[in-house]
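Asker:
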Amino acid sequence: MVKSLPPRSEISIEETWNLESLMASPEAFDAALEELDQETAAYAEKFQGQITDAQSALEALEAYLAIAEKLVAPGTFASLSYSTDQTDAKAQMRTGKYSAFSAKIGSRLAFVTSELLELPEDTLKQAMSESKEFEGYLKKLLRKKPHQLHPAAEKALASYSSVFQAPYELYNTTKMVDMDFPDFEAGGKSYPLSYVSFEGDWEAETDTELRRAAFKAFSDKLRDYQHTTAKTYDMQLQTEKTTADLRGYEDIFEYLLFNQEVDRTLYDRQIDLIQTELAPHMRKYARLLQKSHGLDKMTFADLKISLDPEYDPEITVEESKQYINEALGIMGTDYLNMVERSYNERWIDFAQNKGKSTGAFCASPYGDHPYILISWTGRMNEVFVLAHELGHAGHFYHANREQNLFNARPSLYFIEAPSTMNEMLVANHLLKNSEDPKFKRWVISSIVARTYYHNFVTHLLEAAYQREVYKKIDAGENVNAGVLNALKRGVLEEFWGDDVEVTEGAELTWMRQPHYYMGLYPYTYSAGLTISTQVSKRILSEGQPAVDEWIDVLNAGGTKTPVELSKMAGVDITTEQPLRDTIAYIGELIDELERLTEEIEQQN
Numbered sequence: 024m025v026k027s028l029p030p031r032s033e034i035s036i037e038e039t040w041n042l043e044s045l046m047a048s049p050e051a052f053d054a055a056l057e058e059l060d061q062e063t064a065a066y067a068e069k070f071q072g073q074i075t076d077a078q079s080a081l082e083a084l085e086a087y088l089a090i091a092e093k094l095v096a097p098g099t100f101a102s103l104s105y106s107t108d109q110t111d112a113k114a115q116m117r118t119g120k121y122s123a124f125s126a127k128i129g130s131r132l133a134f135v136t137s138e139l140l141e142l143p144e145d146t147l148k149q150a151m152s153e154s155k156e157f158e159g160y161l162k163k164l165l166r167k168k169p170h171q172l173h174p175a176a177e178k179a180l181a182s183y184s185s186v187f188q189a190p191y192e193l194y195n196t197t198k199m200v201d202m203d204f205p206d207f208e209a210g211g212k213s214y215p216l217s218y219v220s221f222e223g224d225w226e227a228e229t230d231t232e233l234r235r236a237a238f239k240a241f242s243d244k245l246r247d248y249q250h251t252t253a254k255t256y257d258m259q260l261q262t263e264k265t266t267a268d269l270r271g272y273e274d275i276f277e278y279l280l281f282n283q284e285v286d287r288t289l290y291d292r293q294i295d296l297i298q299t300e301l302a303p304h305m306r307k308y309a310r311l312l313q314k315s316h317g318l319d320k321m322t323f324a325d326l327k328i329s330l331d332p333e334y335d336p337e338i339t340v341e342e343s344k345q346y347i348n349e350a351l352g353i354m355g356t357d358y359l360n361m362v363e364r365s366y367n368e369r370w371i372d373f374a375q376n377k378g379k380s381t382g383a384f385c386a387s388p389y390g391d392h393p394y395i396l397i398s399w400t401g402r403m404n405e406v407f408v409l410a411h412e413l414g415h416a417g418h419f420y421h422a423n424r425e426q427n428l429f430n431a432r433p434s435l436y437f438i439e440a441p442s443t444m445n446e447m448l449v450a451n452h453l454l455k456n457s458e459d460p461k462f463k464r465w466v467i468s469s470i471v472a473r474t475y476y477h478n479f480v481t482h483l484l485e486a487a488y489q490r491e492v493y494k495k496i497d498a499g500e501n502v503n504a505g506v507l508n509a510l511k512r513g514v515l516e517e518f519w520g521d522d523v524e525v526t527e528g529a530e531l532t533w534m535r536q537p538h539y540y541m542g543l544y545p546y547t548y549s550a551g552l553t554i555s556t557q558v559s560k561r562i563l564s565e566g567q568p569a570v571d572e573w574i575d576v577l578n579a580g581g582t583k584t585p586v587e588l589s590k591m592a593g594v595d596i597t598t599e600q601p602l603r604d605t606i607a608y609i610g611e612l613i614d615e616l617e618r619l620t621e622e623i624e625q626q627n
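Going by my numbering, the sequence shown opens with residue 24, and the numbers climb by one from there.
1. Please check the pair A386 and L42, which I expect to be a contact at CB under 8 Å, by giving their CB distance rounded to whole angstroms.
2. For R402, write down the residues that DSSP places opposite it in a beta bridge.
3. Grouping DSSP H, G and I as helix and E and B as strand, with all else coil, what is S184?
4. Give me, in chain order, the residues of the same chain whose beta-carbon lies closer than 7 Å to that of M24; leave out the 5 immediate sequence neighbours on both sides.
5. Kindly indicate which residue of D497, Y475, A498 and E485 has the alpha-carbon position closest to the one of Y608.
6. Skipping 5 residues on each side, what residues in its chain have a beta carbon closer than 6 Å to that of Y436?
7. Terminal residues of the continuous alpha helix (DSSP H) containing S242?
8. Buried or exposed: which applies to K198, given that a residue is buried once 16 or more other Cβ atoms fall within 10 Å of its Cβ?
9. I need the DSSP call for A209, collapsed to helix, strand or coil.
10. Would you identify the three-state DSSP class for E262, choosing helix, strand or coil?
11. Would the stretch 553-568 and the stretch 266-281 be scored as touching if the rule is three or more Cβ pairs under 8 Å?
12. Quick check: what's the CA-CA separation for P224 versus L543?
13. Evaluate D595 with the Cβ neighbour count: other Cβ atoms within 10 Å of its Cβ, from every protein chain shown; 16 or more gives buried, anything less gives exposed.
14. Kindly indicate which three-state DSSP category T39 falls into: helix, strand or coil?
15. What is the residue span of the alpha helix (DSSP H) that Y389 lies within?
16. Leaving out five residues before and five after H415 in sequence, what residues of the same chain have Cβ atoms less than 6 Å from its Cβ?
17. L602 bridges to which residues according to DSSP?
18. Judging by CA-CA distance, which residue of Y194, E62 and D575 is the nearest neighbour of H250?
19. Of all the options Y160, E68 and A83, which has the alpha carbon lying nearest to the alpha carbon of I13?
20. Please name the residue in T99, L296, F429 and E263 whose C-alpha comes closest to that of L484.
21. Going by C-alpha distance, which of V186, Y87 and T266 is nearest Q171?
22. Mark V492 as exposed unless 16 or more other C-beta atoms lie within 10 angstroms of its C-beta, in which case mark it buried.
23. DSSP three-state label for S27, please.
24. Can you give me the C-alpha to C-alpha distance between Y334 and I623, rounded to a whole angstrom?
25. In three-state terms, what does DSSP make of D372?
26. Give me the Cα-Cα distance between I128 and G119, rounded to the nearest whole angstrom.
27. Pick out whichever of A350, V514, T526 and R402 has its Cα sitting closest to the Cα of N451.
28. Straight-line CA distance for D522 to P174?
29. Quickly, what does DSSP pair I395 with across the bridge? List them, please.
30. Would E517 and Q313 qualify as a contact pair, given that the criterion is a beta-carbon distance under 8 Å?
31. With DSSP run on the structure shown, which of helix, strand or coil describes T322?
32. Along the alpha helix (DSSP H) that carries A302, what are the first and last residues, could you check?
33. Flag this pair as yes or no: are the beta carbons of T620 and R464 separated by less than 8 Å?
34. For A114 and Y105, I'd like the C-alpha separation in whole angstroms.
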């Protein structure tokens with residue numbers, strides 16, 4: 024049963040992560056900023072106006088890289104300490120302090136990029152040929168040359184960077200601090216409600232009356248804040264549109280896809296094919312859920328329930344280690360050592376507490392180890408969630424070790440491939456180790472409901488909605504709650520058709536997703552899962568050679584484009600085939616669920 028969330032101060036230390044390797048104390052954080060302030064001032068004094076040839080460019084970049092590495096730890100410390108308790112006033116002030124400090128430093132060092140891009144292209148190419156370490160950085164910098172503004176304008180924009188981040192910070196404050204959910208009633212009883220408890224428990228509650236009552240109560244509270252949240256989101260959108268126009272991009276889509284190193288074709292294909300070709304499969308899955316649970320009708324509030332709740336056993340954190348170690352064993356001893364350390368050295372924050380960020384994420388600061396945030400409820404499907412975040416951890420555990428800071432991070436388009444790969448490995452491991460039809464049905468339904476529903480359906484419907492929003496912004500329009508609600512409802516109704524009633528309140532789900540403040544992020548989940556589905560099939564059929572190639576991809580970090588990284592792993596994402604194959608695979612899984620359900624019903 025869901026309980027009211029305790030304050031962070033009451034949480035056992037064993038359930039929390041240890042941030043001391045980032046910063047030993049808040050005092051150490053303050054001291055680090057003071058040191059960096061002095062160091063960057065000295066850097067500017069030495070190099071500003073002095074980047075005139077290939078040699079001075081490389082000398083400036085080497086010192087610039089050292090400063091960038093030192094900025095990682097205090098920034099990550101401020102962000103992570105805030106994410107575990109956004110009601111903590113000291114953590115709020117610390118993250119605000121770092122944001123302002125980062126803007127100051129960004130403005131002070133803006134001259135580096137400006138002076139590099141003022142050099143003749145031949146000079147930059149000479150520097151690239153003389154330094155393997157900075158070749159990739161300079162290559163990406165050259166791509167930006169047509170969109171670079173006057174140095175004074177770049178300096179001014181850098182000064183305002185903390186202001187540009189304000190919409191996201193305001194969104195989080197509204198969501199995690201101001202939005203206080205009252206208890207709700209169902210069947211004559213009162214139950215506690217919060218963001219974490221709704222997304223972690225109530226959405227999957229098997230009691231239909233209780234689940235639908237929780238959905239209504241949750242949606243009612245969201246509705247109270249819809250206008251403020253819509254205005255916050257519009258601020259974010261207008262900032263992106265203004266930036267795209269200032270820098271001379273053709274449209275806002277070109278601007279947001281530029282750093283992902285993919286074109287509009289790959290973006291649109293991912294959304295369009297799933298809207299048209301995946302929808303029939305997922306509608307079939309919705310009908311199977313309705314039949315299995317004997318529901319009077321299938322509503323949006325019912326889509327997260329388990330096909331067979333009896334095979335969604337509770338699991339402890341300690342028990343999760345065995346499943347994950349066995350499933351990821353194929354990745355090798357070095358990878359498993361990383362997993363073991365993540366448990367033993369408290370890289371993971373498992374606690375459920377008031378003010379903690381919703382969902383799960385992995386931060387992988389350069390020069391330190393990864394950190395994973397998750398709110399552990401004890402549901403078996405959280406093994407998939409944890410494996411997903413460990414996929415991010417494993418990716419940057421390898422990339423940060425093999426590449427410098429400038430080369431470590433790949434395109435956002437590819438970022439979800441290693442994470443969803445681990446979900447597929449967990450599923451494949453579980454399926455190989457049982458012939459029990461009920462257990463197999465539970466595993467396959469977990470793949471569909473957790474891995475594919477979440478990463479393909481949820482995020483792709485967000486992406487389809489987001490695309491419509493950006494079309495309006497690109498046409499010079501603004502958005503408000505009414506517009507956003509209508510767009511979201513339209514996307515949901517188109518996808519689910521007559522098979523799912525889009526419950527009142529479903530249109531407000533745009534308020535729940537922080538990814539809208541991160542550019543064109545939602546569609547990349549399906550892009551990553553398309554790649555990982557194909558690679559996981561290769562690993563199943565080819566074994567170690569496919570694993571070795573995948574480790575090479577992880578090591579490559581951001582030194583290659585998404586197309587090149589995918590090709591290294593044996594997947595050609597320039598064609599529709601991998602996506603079509605993945606959608607067909609989802610259809611096969613749902614067909615197998617229907618077959619297993621019939622077999623189980625006949626046995627009973």
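Where a beta carbon is used, it is the ideal one built from N, C-alpha and C, also for glycine.
Answerer: Quick look at the numbers:
1. With 8 Å as the limit, A386 and L42 do not qualify as a contact, their Cβ atoms being about 10 Å apart.
2. E337
3. helix
4. For M24, the predicted model reports a pLDDT of 49, less than 50, meaning its position is unreliable; a value from the coordinates is still stated below. The answer is none, since no qualifying residue turns up.
5. Y475
6. So the qualifying residues of the chain are Q283, V285, T547, A550 and P585.
7. T231 to D247
8. buried
9. strand
10. Before going on, a small fix: residue 262 reads as Thr here, not Glu. In the structure shown, T262 sits in a helix (DSSP, three-state: H, G or I).
11. no
12. It should be noted that the sequence gives Asp, not Pro, for residue 224. Each residue's Cα considered, the two are about 28 Å apart.
13. In this structure D595 is exposed. Its beta-carbon is surrounded by fewer than 16 other beta-carbon atoms within 10 angstroms.
14. coil
15. Y389 -> no alpha helix (DSSP H), and no H or E assigned at all.
16. C385 and S442
17. L602 is not bridged to any residue.
18. Y194
19. Because the chain here runs from 24 to 627, residue 13 falls outside it and cannot be looked at.
20. L296
21. T266
22. So V492 counts as buried.
23. coil
24. 13 Å
25. strand
26. 14 Å
27. A350
28. 56 Å
29. I395 is bridged to I371 and C385.
30. It is not a contact, given that the beta carbons lie outside the stated cut-off.
31. strand
32. A302 to H316
33. Against a cut-off of 8 Å, the Cβ pair of R464 and T620 comes out as a contact.
34. Between A114 and Y105, the C-alpha separation is close to 5 Å.
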